[in-house]
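The letter at position 47 of the sequence shown is residue 1348 when you use my numbering, and the numbering goes up by one with no holes. Report on one structure; see the data block that follows.
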Amino acid sequence: MTSPENQSTHDAETDPRNDDIKIYVNGDIVPKDQAVVSVYDSGFMLGDGMWEGMRLYDGEWAFFDDHMDRLFNSCKAVSLDIGHGREEIRDILNRTAAANGMITDAHCRLMITRGRKAKPFQHPALSKWGPTVVAIVEHSRPATGLLDRGIRLATVPQVRGLPHSQNPKFNSHSKLNCVIACLQAEQAGADEGLMLDPNGFVNTTNACNFFIVRGGEVWTSTGDYCMNGVTRQKVIDLCRANGIPVFEKNYSLYEAYGADEAFLTGTFGAQTPVAEIDGKPIGAGRGAGPMTQRIRALYKDLVAQNVAEQRAARG
Ligand SMILES: Cc1ncc(COP(=O)(O)O)c(C=O)c1O
């Protein structure tokens, strides 16, 4: 049954300014109610597109290069010509943020699809007018209550699959696989779905990457079946740089249920503590434990450092 108190890692403080934001659509920055794409768009029709979520801190998009590496790699892999260079993308995002008077605490969803099709069928060559480029930038502060309460996970039957089905590293417009997992979690009374890999090992959640802490060690999945999350990699790098033992390895629900702490990672929420998995409390069963808090603090500093470096590099 769906809990009346369902929450998600993408909960943000309600901000009425988002009702009137301006959105970038194919070269124009227009009011939200005029920001539309064609029903023939390949993104709408087929989920044929890629996206990136990024956060704006003090006028800079944190880890911009990492996000662009993933986006350009993904688009190349599906022969989707973005039609813009990295600096043009940065300019699009900056102009959209500026049009909305945003400098910090903003989150963007940059979407690139193969574009408008001549006919309502699948063949990529039918996308004669493309790409479609949209940037939604919203005022955004992750809801703070989640840090105290933690998120509830339920293990779901839906898996993130093998690279030769739909590679789980694609941040594709079609999120149906993840949406099904999220529905299954909701039906189990949880907030987010914990997805296993095709071999039954703990993998990832429907919207974030997943970590556990056991005996002072930080564990996450091998990375073979999950999104190559920018935040995931930053957490691994931070652990290595700060003498925290970190392992990308196979482990099962047995180890996850018995973890001292667990947390999710993603651009939106940084590190979100997990309160329970399948009704079993993790650690103290509420907010962030000591390792999660330590990693959160290290990550916050890393964001500040990255933002300062970007600003210095661009004068
Ligand atoms: C399925 C999934 N896993 C993990 C992530 C987190 O990735 P990142 O840390 O790059 O935001 C995302 C975000 O797009 C996602 O969709």
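Glycine included, every Cβ here is placed at the ideal spot set by N, Cα and C.
query: Cβ shell of G1501 (< 8 Å), same chain only, five flanking positions each side left out; result: S1553
query: Residue from K1377, P1332, G1328, V1547 whose Cα sits closest to the Cα of D1320; result: P1332
query: Residue from S1428, S1441, P1499 with nearest C-alpha to G1462; result: P1499
query: Residue list, Cβ distance to ligand 1 heavy atoms smaller than 6 Å; result: G1354, N1472, C1479, T1505, A1508, C1509, N1510, M1528, G1530, V1531, T1532, R1533, T1566, G1567, T1568
query: Rounded C-alpha distance that separates Q1459 from N1327; result: 35 Å
query: Supposed close pair K1323, N1401 - CB separation, criterion 8 Å; result: 6 Å
query: Among L1603, Y1555, G1590, the one whose alpha carbon lies nearest that of A1542; result: L1603
query: Beta-carbon proximity of V1519 to V1547, cut-off 8 Å; result: yes
query: CA-to-CA distance, A1455 to N1507, given in whole angstroms; result: 11 Å
query: C-alpha distance - A1605 paired with C1376, whole-angstrom precision; result: 29 Å
query: Check whether T1397 and T1573 have beta carbons under 8 Å apart; result: no
query: Meets three-Cβ-pair contact criterion under 8 Å: the stretch 1423-1431 and the stretch 1574-1590; result: no
query: Residues of its chain near I1537, where Cβ-Cβ distance is below 6 Å and the 5 sequence neighbours each way are ignored; result: V1547
query: Contact between the stretch 1445-1454 and the stretch 1574-1581 (3+ Cβ pairs under 8 Å); result: yes
query: As assigned by DSSP and simplified to three states, the class of H1424; result: coil
query: Simplified DSSP assignment, three categories, for E1389; result: helix
query: Burial state of R1318, where buried means 16 or more other Cβ atoms lie within 10 Å; result: exposed
query: Reference G1344; option with closest CA among L1477, G1446, P1582; result: L1477
query: Runs of beta strand (DSSP E) wholly within the stretch 1420-1496 (minimum 3 residues, chain order); result: 1428-1430, 1433-1440, 1452-1457
query: Where Q1585 falls: helix, strand or coil (DSSP); result: Checking the sequence, you will find Ala at residue 1585 rather than Gln. Looking at A1585 - three-state DSSP - the assignment turns out to be coil, as it is neither helix nor strand.
query: Neighbourhood of N1472 by C-beta distance below 7 Å, restricted to the same chain and skipping five residues each side; result: M1351, W1352, E1353, R1371, S1375, M1528
query: Runs of alpha helix (DSSP H) lying entirely within the stretch 1328-1402, each at least 4 residues, in chain order; result: 1343-1347, 1365-1378, 1387-1400
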